[in-house]
Amino acid sequence: MLCLSFGASVATGYAADRPNILFIFLDDFGWKDCSYMGSDFYETPELDRLAGEGMVFTDAYAAAANCAPSRASLLSGQYTPRHEIYNVGTRPRGDRRYRRLAHVPGRDVLKLGIKTWAEVAQESGYRTATIGKWHLSPDPRPYGFHVNVGGGMSGSPPKGYYPPHPGVPGLGDAPPEEYLTDRLTDEAEAFIRSVPSQPWLVYLTHFAVHTPLHAKRELLSKYEGKPKGELHDHVAMATMVEAVDDGVGRLRRFLEDRGEWGNTIVLFSSDNGGFGPATDMDPLKGYKGTYYEGGIRVPFFVRWPGVVRAGARSAEPIIGVDLLPTLCEMMEAPLPVNQRVDGVSLVPLLSGQKTRLAPRSLFWHFPAYLQAYSVTNEQRDPLFRSRPCSIIRDGHWKLHHYLEDNAVELYDLSTDIGERYNLASIHPNVASRLREKLESWRVSSEAAMPEGLNPLYDPQMEKAALLRAKE
Numbered sequence: 141m142l143c144l145s146f147g148a149s150v151a152t153g154y155a156a157d158r159p160n161i162l163f164i165f166l167d168d169f170g171w172k173d174c175s176y177m178g179s180d181f182y183e184t185p186e187l188d189r190l191a192g193e194g195m196v197f198t199d200a201y202a203a204a205a206n207c208a209p210s211r212a213s214l215l216s217g218q219y220t221p222r223h224e225i226y227n228v229g230t231r232p233r234g235d236r237r238y239r240r241l242a243h244v245p246g247r248d249v250l251k252l253g254i255k256t257w258a259e260v261a262q263e264s265g266y267r268t269a270t271i272g273k274w275h276l277s278p279d280p281r282p283y284g285f286h287v288n289v290g291g292g293m294s295g296s297p298p299k300g301y302y303p304p305h306p307g308v309p310g311l312g313d314a315p316p317e318e319y320l321t322d323r324l325t326d327e328a329e330a331f332i333r334s335v336p337s338q339p340w341l342v343y344l345t346h347f348a349v350h351t352p353l354h355a356k357r358e359l360l361s362k363y364e365g366k367p368k369g370e371l372h373d374h375v376a377m378a379t380m381v382e383a384v385d386d387g388v389g390r391l392r393r394f395l396e397d398r399g400e401w402g403n404t405i406v407l408f409s410s411d412n413g414g415f416g417p418a419t420d421m422d423p424l425k426g427y428k429g430t431y432y433e434g435g436i437r438v439p440f441f442v443r444w445p446g447v448v449r450a451g452a453r454s455a456e457p458i459i460g461v462d463l464l465p466t467l468c469e470m471m472e473a474p475l476p477v478n479q480r481v482d483g484v485s486l487v488p489l490l491s492g493q494k495t496r497l498a499p500r501s502l503f504w505h506f507p508a509y510l511q512a513y514s515v516t517n518e519q520r521d522p523l524f525r526s527r528p529c530s531i532i533r534d535g536h537w538k539l540h541h542y543l544e545d546n547a548v549e550l551y552d553l554s555t556d557i558g559e560r561y562n563l564a565s566i567h568p569n570v571a572s573r574l575r576e577k578l579e580s581w582r583v584s585s586e587a588a589m590p591e592g593l594n595p596l597y598d599p600q601m602e603k604a605a606l607l608r609a610k611e
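No gaps in the numbering here: position 426 of the sequence shown is 566 in the working numbering, and each next residue is one more.
So this is what it looks like as structure tokens:
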């Protein structure tokens, strides 16, 4: 564990001046949706400034390609087979006639026996709050949060970003013209004001930029009059992104005024790739719901005054399960006892002690189905964003294994970040080695696999639908 120059606390056994933690986590925010990552239409000056003061990870991944499983992995430090949340909800997705394999329901609630980094924070003397989207249970408080505003089972604002917000905790008093993203920033400030002396952890988990794509009204004319970018041009999305960024700047100034900015770690990321119909991750292929890079590679940076060198960058592949051990080390707190943690701490990279982590593979497992958007040119077939599959990234190699037809796709990300050229037949030894690693991991993690065929599957109907989609 990194030895930092914090004073010891006799009462708790932990450091008396441990850092505050502000974890800003967005929804459906793509790899290139920040200006610092390459957006030519969305404006994120505050996020860009923070990223420039910390370490940017260019090869950061969500642990799943859609909301709930990604968040479960982030909170638990576990890959999807361990917490068994594979999809949003447990019902089958997509037309039943086109699903060849039997349904794997999984879970839709994070098991209470799994300890989160928020619980570790509580036990370590932190005051904790989740502000915004939760999506893992009806109430996030039993998972380590003293305060919850906005968090429940809903994956998006029930009525949008303007009131009313029926059934959303803490938002029943929202005035008619209040924009949800602004309110969540207000709530984060209010929580921090309420903490008298102990360190705090705020999980500011914005609903933005998840659908519905409700523009912030005051910003509409600005983007309606702005020239379109070659990469991005969605006006409503741009206003939603700016609302988040404005809130980040407001929190910075608030903490500076309180004298807490110099002792606050800021982490920033997203739960999966961007929403395909509204944004673009080019040169990455795919978007939310696909297991191509555009569906799972996400923006990620850490600003940690006195520890992380400003302007640092890392191309080390990291993944959402790494957040639990990383936050534990930041808080100088122990890992959960008797709980398998799949991730590793990023503190050695952040502190400059190391430039590379020990060699390891990253894994994804999705034994379910997720129906397609109207956008179809960046997924494996036009009927589903993803069919049952498992994925491994090992160094610069990435292998997809599709469970319906046992097909594999092999990509060299060092030369083909856009996953255009399947090299499985050209490098059969590499494909075989990665396939064996993937299968060994599925066994060791007790990954749920579809058992048998779907009796409602109709190959002729599927064939006809595929032909229609290609017309």
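Cβ atoms here follow ideal geometry from the backbone N, Cα and C, with glycine treated the same way.
Report task. Return the chain-ordered list of same chain residues with a C-beta closer than 8 Å to the C-beta of VAL548, the five sequence neighbours on each side being excluded. Result -> Same-chain partners within the cutoff: LEU539, HIS540, HIS541, TYR542, ALA564, ALA571, ARG575.
Query raised in the report: Does the Cβ of GLY194 have 16 or more other Cβ atoms within 10 Å, making it buried, or fewer, making it exposed?
Result: Classification for GLY194: buried.
Query raised in the report: Rounded C-beta distance between LEU371 and GLY170? I'm assuming under 8 Å.
Result: That pair is no contact at about 10 Å.
Requested in this report: Please report how far the alpha carbon of TYR182 lies from the alpha carbon of ILE436, in whole angstroms.
Outcome: Rounded to the nearest angstrom, the gap between the Cα atoms of TYR182 and ILE436 is 20 Å.
Report task. Using DSSP bridges, identify the partner residues of ILE161. Result -> LEU341, ILE405, per the DSSP bridge assignment.
Report task. Quick one: residues in its chain with C-beta nearer than 7 Å to the C-beta of MET470, no 5 flanking neighbours on either side, listed in chain order? Result -> The residues are PRO159, ILE161, ILE405, VAL487.
Query raised in the report: Looking at the structure shown, is LEU250 part of a helix, part of a strand, or coil, going by DSSP?
Result: DSSP places LEU250 in the coil class of the three-state scheme, outside both helix and strand.
Query raised in the report: In three-state terms, what does DSSP make of TYR176?
Result: Looking at TYR176 - three-state DSSP - the assignment turns out to be helix.
Requested in this report: Output the distance between the C-alpha atoms of ALA204 and ASP411, rounded to the nearest integer angstrom.
Outcome: For ALA204 and ASP411, the distance between alpha carbons rounds to 8 Å.
Requested in this report: Examine the Cβ distances between the stretch 422–432 and the stretch 208–224 and report whether three or more of them are shorter than 8 Å.
Outcome: Verdict: no, contact absent.
Report task. Could you tell me whether the Cβ atoms of HIS275 and GLY307 are closer together than 9 Å? Result -> Going by C-beta atoms, HIS275 is not nearer than 9 Å to GLY307.
Query - Cβ-based burial, ARG231 [other Cβ within 10 Å; buried from 16] - result: Burial call: exposed.
Query raised in the report: Do you know how far the Cα of CYS174 is from the Cα of SER409?
Result: Going by C-alpha positions, SER409 is about 11 Å away from CYS174.
Query raised in the report: So, helix, strand or coil for PHE415, using DSSP?
Result: Per DSSP, reduced to three states, the secondary structure at PHE415 is coil, with no helix or strand assignment.
Query - Cβ-based burial, GLY460 [other Cβ within 10 Å; buried from 16] - result: Here GLY460 is buried. Its C-beta has 16 or more other C-beta atoms within 10 Å.
Requested in this report: Using the Cα positions of GLY234 and LEU510, report the straight-line distance between them to the nearest angstrom.
Outcome: Computed Cα separation, rounded: 6 Å.
Query - the stretch 510–521 / the stretch 414–424 touching (three or more Cβ pairs under 8 Å) - result: Short answer: they touch.
Query raised in the report: Can you tell me whether PRO352 is buried or exposed, with buried defined as 16 or more other CB within 10 angstroms of its CB?
Result: Of the residues assessed, PRO352 falls on the exposed side of the cut-off, its CB having fewer than 16 other CB atoms within 10 angstroms.
Query raised in the report: Using a Cβ-Cβ cut-off of 7 Å (strictly less than) and excluding sequence neighbours within five positions of GLU559, which residues of its own chain qualify?
Result: Contacts found: LYS425, TYR432, GLU433, TYR551.
Query - Burial state of ARG333, where buried means 16 or more other Cβ atoms lie within 10 Å - result: With fewer than 16 Cβ atoms within 10 Å of its Cβ, ARG333 is classed as exposed.
Report task. Spatial neighbours of LEU341 within its chain, please: CB distance less than 6 Å, with the 5 preceding and 5 following residues excluded, ordered by chain position. Result -> If we look at LEU341 and ignore the five residues flanking it on each side, its Cβ neighbours are ILE161, ALA261, TYR266, THR268.
Query raised in the report: According to DSSP, is ARG239 helix, strand or coil?
Result: In the three-state scheme derived from DSSP, where H, G and I count as helix and E and B as strand, ARG239 is classed as coil.
Report task. Quick one: give me the first and last residue of the beta strand (DSSP E) that GLY535 is part of. Result -> For GLY535, no beta strand (DSSP E) segment is defined, and its DSSP state is neither H nor E.
Query raised in the report: Since ALA547 sits in a beta bridge, which residues does DSSP pair it with?
Result: As a beta-bridge residue in DSSP terms, ALA547 pairs with TYR542.
Requested in this report: Entirely within the stretch 411–470 and at least 3 residues each: give me those beta strand (DSSP E) ranges in chain order.
Outcome: As far as the stretch 411–470 is concerned, its whole beta strand (DSSP E) runs of at least 3 residues are 440–443, 452–454.
Requested in this report: If I'm right that LYS273 touches THR345 with Cβ under 8 Å, what's the distance once you round it to whole angstroms?
Outcome: Indeed they touch by this definition, with Cβ atoms about 5 Å apart.
Query - ARG390 (DSSP reduced to helix, strand or coil) - result: In the three-state scheme derived from DSSP, where H, G and I count as helix and E and B as strand, ARG390 is classed as helix.
Query raised in the report: Beta-carbon separation of GLY389 and PRO185 under 9 Å?
Result: In this structure, the beta-carbon distance from GLY389 to PRO185 falls below 9 Å.
**Report entry** Supposed contact pair VAL244 and PRO507 - C-beta distance, whole angstroms, cut 8 Å
**Finding:** So it is a contact: roughly 4 Å between Cβ atoms.
**Report entry** Simplified DSSP state of TRP504, which is helix, strand or coil
**Finding:** Three-state result, TRP504: strand.
Report task. Go ahead and pull the three-state DSSP assignment for ALA609. Result -> Looking at ALA609 - three-state DSSP - the assignment turns out to be helix.
Query raised in the report: Which same chain residues, not among the five before or five after ALA242, have their C-beta less than 7 Å away from its C-beta?
Result: The answer, listed in chain order, is PRO590, GLU591, GLY592, LEU593, ASN594.
Query - Same chain, Cβ closer than 6 Å to GLU327, neighbours up to 5 away in sequence not counted - result: So the list reads ILE271, VAL289, once near-sequence residues are dropped.
**Report entry** Counterpart residues of ASP373 in DSSP-defined beta bridges
**Finding:** For ASP373, which the question treats as bridged, DSSP gives no partner whatsoever.
Report task. Leaving aside the five residues before and after ALA383 along the sequence, list all residues of the same chain whose C-beta is less than 8 Å from its C-beta, in chain order. Result -> A distance below 8 Å between beta-carbons, with the five flanking residues on each side excluded, links ALA383 to the following residues of its chain, in chain order: TYR319, THR321, ASP322, ALA348, LYS356, LEU359.
Requested in this report: Identify every residue that forms a DSSP beta bridge with THR270.
Outcome: Checking the DSSP bridge columns, you'll see THR270 partnered with ASN288, TYR343.
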